[in-house]
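Asker:
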Amino acid sequence: MVLNRRSPRVYEEEVGLREEVPVRPERRTRRVESGIPGLDEILHGGIPARNIVLLSGGPGTGKSIFGQQFLYYGLTKGEPGVLVALEEHPAQIIANMMNFGWDVRKYESEGLFAIVDAFTGGIGEYAKREKYVVKTVDDVPSFIDVVREAIKDLRAQRVVIDSVTTLYLTKPAVARSVVMMLKRVLSGLGCTSILVSQVSVGERGFGGPGVEHAADGIIRLDLDEVEGELKRSLIVWKMRGTSHSMRRHVFEITDKGIVVYPNKVLKWRWRTYEEAT
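Okay, here's the thing in structure tokens:
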């Protein structure tokens, strides 16, 4: 008897491709530059303003760096930003950003940047100095009130929530409704936002049932082991208000942040073989 079987996926990297940009690019929609080299090219001009983008990926894929880079670039362009910290101490976030040369302390003192502390629960000396503190993330309406206050005070144009999954970790059934609540507030206040979404290694979803329908855009980051080496890639699953690349692009995390390579595409194929018995 001969059995046809498929081996694990085989990795191929195609280099030298040029991203196809529409002959008539969308000009009516105002775009927001991401600040991530190469990303705006595969988005055919940048993220549409006011879009709520779900940034999904497993551990170690670079989601937090992506969000911080997006915020910091906006600050350098005079666009106020708010970072909502749910999974890491604010002091550690600032230190991590400094590793890439992103010193947000200056902008914080100028009233252009703020961290909403939803991590410490108001406990500790650091929390006592913070203006925007969420005591418990279980109360989503109160959480949103604090975020709204920070956005209004700064007149923020960019918001990153890291990670939104924490808000419905114990109640996955409410994931879509939570994202919709955030969308109404963030988009209503004129913000272009990144919602970081955690997924398990190997999970094909986006971090919660139905969240993909509530978000305006989805960018998926992946980290795959290929022949003993980890490969980073991203793909834009959807982005309302613009056409975009449908390919899986290689990216790297450098000492200056994330760099996306529009001309490098990952291709997976299944190796089929026959086994005689």
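Okay, so the sequence shown: first residue is 35 according to this note's numbering, each after it adds one.
Every residue, glycine too, gets a C-beta built ideally from N, C-alpha and C.
Beta carbon of Val118, beta carbon of Thr226: below 9 Å?
Answerer: No, Cβ-Cβ distance for Val118 and Thr226 is not below 9 Å.
Asker: Cα separation between Gly156 and Arg163?
Answerer: Whole-angstrom Cα-Cα distance: 10 Å.
Asker: Could you check the C-alpha separation between Asp137 and Leu109 for me, to the nearest Å?
Answerer: Spanning the two alpha carbons is a distance of roughly 10 Å.
Asker: Taking only runs that begin and end inside the stretch 277-301, name each unbroken alpha helix (DSSP H) of 4 or more residues, in chain order.
Answerer: For the stretch 277-301, not a single whole alpha helix (DSSP H) run of length 4 or above is found.
Asker: Compare the C-alpha of Leu146 against each of Leu120, Tyr107 and Phe153 and name the closest.
Answerer: Checking every option, the nearest Cα to that of Leu146 belongs to Tyr107.
Asker: In the structure shown, what three-state DSSP assignment does Glu142 receive?
Answerer: Of the three classes helix, strand and coil, the one that applies to Glu142 here is helix, per DSSP.
Asker: From the DSSP output, in three-state form, read off Asp258 for me.
Answerer: Strand at Asp258.
Asker: Using DSSP with H/G/I as helix, E/B as strand and the rest coil, what is Arg84?
Answerer: Three-state result, Arg84: coil.
Asker: Please report the Cβ distance between Pro121 and Ser197, rounded to the nearest whole angstrom; I am assuming they are in contact, meaning their Cβ atoms lie under 8 Å.
Answerer: Note on identity: in this sequence residue 121 is Glu, with Pro being the wrong assignment. So it is a contact: roughly 6 Å between Cβ atoms.
Asker: For Ile128, which of helix, strand or coil comes out of DSSP?
Answerer: In this structure, Ile128 counts as helix in the three-state DSSP scheme.
Asker: Is it true that the CB of Ile253 sits closer than 9 Å to the CB of Ser90?
Answerer: In contact: Ser90 and Ile253 (Cβ atoms closer than 9 Å).
Asker: Name the DSSP bridge partner or partners of Thr226?
Answerer: Answer is Arg192.
Asker: Applying the criterion that 16 or more other CB atoms from any shown protein chain within 10 Å of the CB defines a buried residue, is Pro296 buried or exposed?
Answerer: By the 10 Å Cβ count, Pro296 comes out buried.
Asker: To test your reading of the DSSP string, which unbroken alpha helix (DSSP H) runs of 4 or more residues are found completely within the stretch 151-217?
Answerer: List check, alpha helix (DSSP H) in window: 159-163 and 174-188.
Asker: Can you tell which of Ala184, Ile287 and Pro124 has the C-alpha that lies nearest to the C-alpha of Phe134?
Answerer: Ranking Ala184, Ile287 and Pro124 by Cα distance to Phe134 puts Ile287 first.
Asker: Okay, do the stretch 275-293 and the stretch 68-86 touch, 3+ Cβ pairs below 8 Å being the bar?
Answerer: With the cut-off at 8 Å, the stretch 275-293 and the stretch 68-86 touch.
Asker: Quick check on the DSSP output: the beta strand (DSSP E) that includes Lys111 runs from which residue to which?
Answerer: Lys111 -> no beta strand (DSSP E), and no H or E assigned at all.
Asker: Do you know how far the Cα of Lys265 is from the Cα of Met215?
Answerer: Whole-angstrom Cα-Cα distance: 35 Å.
Asker: I need the boundaries of the alpha helix (DSSP H) containing Ile76, first residue and last residue.
Answerer: Looking at the DSSP string, the run of the alpha helix (DSSP H) that includes Ile76 is Leu73 to Ile76.
Asker: With which residues is Phe147 paired in a DSSP beta bridge?
Answerer: Phe147 is bridged to Gly115.
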